[in-house]
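These notes are about the structure you will find just below.
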Amino acid sequence: MARVPVAKGVFTWPSDDPQLIGSRCGACGIVAFPAQDACPRCASTAMSARLLPRRGRLWAWTTQEFPPPSPPYTGPTGEAFAPFGVGYVELADEVKVEARLTQIHGLRIGMDMELVLVPFRTDGDGNEVVAFAFKPVC
Amino acid sequence: MDVAIVGVGLHPFGRFAGATGIEMGAIAIRRALADAGVAWRDVQFAFAGSYEIDNPDAVVALMGLTGIPFTNVYNGCATAASVLAQAANAIRLGDHELGLAVGMDKHLPGAFSSDPRLYACPSWYGEIGHFVTTKFFGMKINKYMHDHGISAATLARVAAKNYRNGALNENAFRRKPLSEAEILGSRMLNHPLTQYMFCSPDEGAAAVVLCRADRARRYTDKPIYLRASAVRTRRLGAFEVHSPWLPIEETAGPTVDASRAAFETAGIGPEDVDVIQLQDTDAGAEVIHLAENGFCADGEQEKLVADGELEIGGRLPVNTDGGLIANGEPIGASGLRQVHEVVLQLRGRAGARQVPGDPKVGYTQLYGAPGVAGVSILSA
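Protein sequences appear in the order of chains C and B. Each residue of the first sequence is one higher than the last, beginning at 533 in our numbering. Each residue of the second sequence is one higher than the last, beginning at 5 in our numbering.
What follows is the structure, given as C-alpha cells:
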C-alpha cells in the first residue's frame, strides 16, 4: 500500500521533515498559504514559493466531533469516524495556518506545535491518503 | 429621501413538508401587504433573497404578473440585510415610492455545505474536513473565552434565554424552553459549543413593505423608519469562516465595520438602542457580537448575562423573538425576521415578548460565511 498526499503542492513530498508550501509576495512581503498567484494584500502577482516553518504556537483551536458534511469531506464517516482537533498555528512571525490537530484533549492556546503528516483515508486503489496536521511538541 | 417600513409579514420558521419556499414567500408577502393595507398591484418594485431558490422572483406567479422590476439577491448569511438595503436605496434614489423586500428559504437539515472551490478555497480543504462553518464558530468563541474570561455557563445562559424567548413566539421553530444543564449536557459538536448552543438551517419566509417616509402615514399610524443599513465584507487580518490561513496582522471583522458605518449614518450610538437582534449562529456568536456591535466591552458579557441584562426586561434586550437559536436560519429570510421582530417591538405590539418602556430604537445584525455582515438600524 502506497502513501499519497491529499493534493500536490500543499506540502513537500516525499520528505522526512515535511514543510507546508506557501507564497511570499515580492512587493509587500506578506506570506500566504496555500501557494497563490496574487497577493491578498496588495494584489501584486509577484508571488514566489516559500517553505513555511515546521514549528509554531497554537493560536486558536476547537474539536470536530461529528463527521463533516460529505461531499466535500472524504474521510471516514459513521462508526469509522474519529473526532479530531482543528486549529490555527502561528508559524514564527510569518503566517497562521489552519490545520488538523492530532489530539482533542490537552490543547492549550500558546502551546508549541510541530507539523506532521497523518493518514486520513484510504483511496479506491488502496493507497493511504495523508494530510498535514500539527501535534504538540512534548 | 428617508425610508419607512409600513408593513411586515412572516411565514413561520421551522419545517414544513409539502410547502415550497416560493409558497412560503407568497404567504409572507400577503401578510406584509395586509399589514400595510396595500394591494400587490401597488407594489412598484421588489428585491428578494434566497440561497436555495434560484429565482425567488418567481413568486410573481402566485402574486400577479405585474411586470415590476424584481431583483434577486444572494449575499451569504447577510442576504436579507442586503435585500433590505437594496430596496431602501431604490426609494432613497427617488426611483420608486413603495416596494417590497422579501426573503425565503428551505434548507435540508444539518450543517451547511458547499464545494470549497466556490469559496475560493482549494478542494483538499474540504476533503480533509475543514469546510465546516460550525468549527469556525467553535474556534472563535474558544479563543474569545480564553482572551476575555467568558465561561461555558454564560454560553448556556444565552442559549437558554433564546429558547425561553422562542417559547413566547408563535412563529418560532423551537418553542420548548431548555435548561442550562440540558444545553451544557447535550452532545459536544465543536468545543466548547454543544448541539443546543447552535441554530439549525430550516425553512421560512419574511417580507417588508417600504415606502417614502413622507408618504408613510397614508398606510399606517405607526411608521418605523429605516435609519441606516450597511453591508461590509472582511478585510485582511479579520478572523473569518473558511480561511485556510490568516496573516499575522489582526484587524476587526466585518460586523464591526458595518456597525460603525450604520451608527454613523443613523447619527446615534449603541447607548440609544432599546431592542437588539444579533446573529446567534451559536450562543458564542451572540456573546461576541454584543461587543462587536458596540453594546459592551470585550469580557463584560460575563456579568451582563449573569445579571439578566440581555433578557426581555433587561437593559440590553437581545434576540427577543428567540433569535436564530429558536427560529433556525432560512438564510434568505433570517434578517427580515429580525426586522419583523424589531418593527413589532417599536410598534409596542410584540405581545408576551414586548420590551417594556416604549422602545424607540431597534438594531439588527447578520454575519456569516465567507466573512460578510449586515446591520440595520430602525426607529419609531
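Beta carbons: idealized from backbone N, C-alpha and C, even for Gly.
Check: Per-residue contacts from B:Trp249 into chain C (C-beta, under 7 angstroms); Outcome: Ala564, Phe565, Val627, Lys628, Val629, Glu630
Check: Separation of B:Ala270 from B:Val347, as counted between CA atoms; Outcome: 17 angstroms
Check: Candidates B:Thr83, B:Phe140, B:Asp218, B:Gly11: closest to B:Arg96 by CA position; Outcome: B:Asp218
Check: Under the three-state DSSP convention, the category B:Met143 falls into; Outcome: helix
Check: Chain C within 9 angstroms of B:Lys147, Cβ atoms only; Outcome: yes
Check: Whole runs of the alpha helix (DSSP H) within the region 282–338 of chain B, excluding any shorter than 4 residues; Outcome: 287–296, 305–310, 327–331
Check: Contact list for the region 194–217 of chain B against chain C, Cβ threshold 7 angstroms; Outcome: Asn194, His195
Check: Whether B:Asp261 touches B:Ala377 by CB criterion (9 angstroms); Outcome: yes
Check: Chain C residues whose Cβ lies nearer than 9 angstroms to that of B:Asp119; Outcome: Pro603, Pro604
Check: Interface partners of C:Gln596 on chain B, CB under 8 angstroms; Outcome: Gly133, Val136, Lys139, Asn194
Check: Neighbourhood of B:Arg216 by C-beta distance below 8 angstroms, restricted to the same chain and skipping five residues each side; Outcome: Met5, Asp6, Val7, Ala8, Ile95, Glu101, Leu102
Check: Chain C contact residues for B:Leu240, given Cβ-Cβ distances below 9 angstroms; Outcome: Ile562, Pro572, Arg573
Check: Counted within 10 angstroms of its Cβ, other Cβ atoms place C:Met645 as buried (16 or more) or exposed; Outcome: buried
Check: Under 8 angstroms by beta carbon: chain C residues contacting B:Met143; Outcome: Ala592, Trp593, Thr594, Val618, Gly619, Tyr620
Check: First through last residue of the beta strand (DSSP E) which encompasses B:Arg236; Outcome: 228–237
Check: Residues that B:Pro334 contacts on chain C, provided the C-beta gap is smaller than 8 angstroms; Outcome: Those do not exist, as B:Pro334 stays about 18 angstroms from chain C at its closest Cβ, beyond 8 angstroms.
Check: Boundaries (first-last residue) of the beta strand (DSSP E) holding C:Asp644; Outcome: 644–654
Check: Beta-carbon proximity of C:Arg573 to C:Glu622, cut-off 9 angstroms; Outcome: no
Check: First through last residue of the beta strand (DSSP E) which encompasses B:Gly11; Outcome: 7–18
Check: Interface partners of C:Ile641 on chain B, CB under 9 angstroms; Outcome: Asn146, Lys147, His150, Asp151
Check: 7 angstroms Cβ cut-off: residues of chain C touching B:Ala295; Outcome: Result: empty, since nearest Cβ-Cβ is about 17 angstroms, beyond 7 angstroms.
Check: Limits of the unbroken beta strand (DSSP E) element including B:Ser86; Outcome: Unbroken run through B:Ser86 is the alpha helix (DSSP H), 83–96; no beta strand (DSSP E).
Check: Helix, strand or coil at B:Phe177 according to DSSP, with G and I counted as helix; Outcome: coil
Check: Neighbour-count burial assignment, B:Leu69, 16 or more Cβ in a 10 Å radius; Outcome: exposed
Check: Rounded separation between B:Pro337 and B:Pro16 - CA only; Outcome: Here residue 337 of chain B is Ala; the residue named in the question, Pro, does not match the sequence. So the alpha carbons of these two residues sit roughly 11 angstroms apart.
Check: For C:Cys557, the residue or residues it bridges with in DSSP; Outcome: C:Met579
Check: C:Phe616, DSSP secondary structure in three states; Outcome: strand
Check: For C:Phe565 and B:Leu250, the rounded distance between their alpha carbons; Outcome: 8 angstroms
Check: With 16 other Cβ atoms within 10 Å as the buried cut-off, status of B:Ser4; Outcome: The displayed coordinates of chain B run from 5 to 384. Any statement about residue 4 of chain B would go beyond what the structure contains.
Check: Proximity below 9 angstroms, CB of B:Ile335 to CB of B:Gly298; Outcome: no
Check: Minimum Cβ-Cβ distance from C:Phe652 to chain B less than 9 angstroms; Outcome: yes
Check: 7 angstroms Cβ shell around B:Ala256 - same chain, five flanking residues per side excluded; Outcome: Ala242
Check: Nonlocal neighbours in the same chain, by C-beta distance under 7 angstroms from C:Arg582, ignoring five residues either side; Outcome: Gly554, Ser555, Arg556, Val563
Check: Whole alpha helix (DSSP H) elements within the region 111–144 of chain B, 4-residue minimum; Outcome: 127–131
Check: DSSP-derived helix/strand/coil call for B:Gln349; Outcome: helix
Check: Classification of B:Gly355 by the beta-carbon crowding that lies within 10 angstroms, buried from 16 upward; Outcome: exposed
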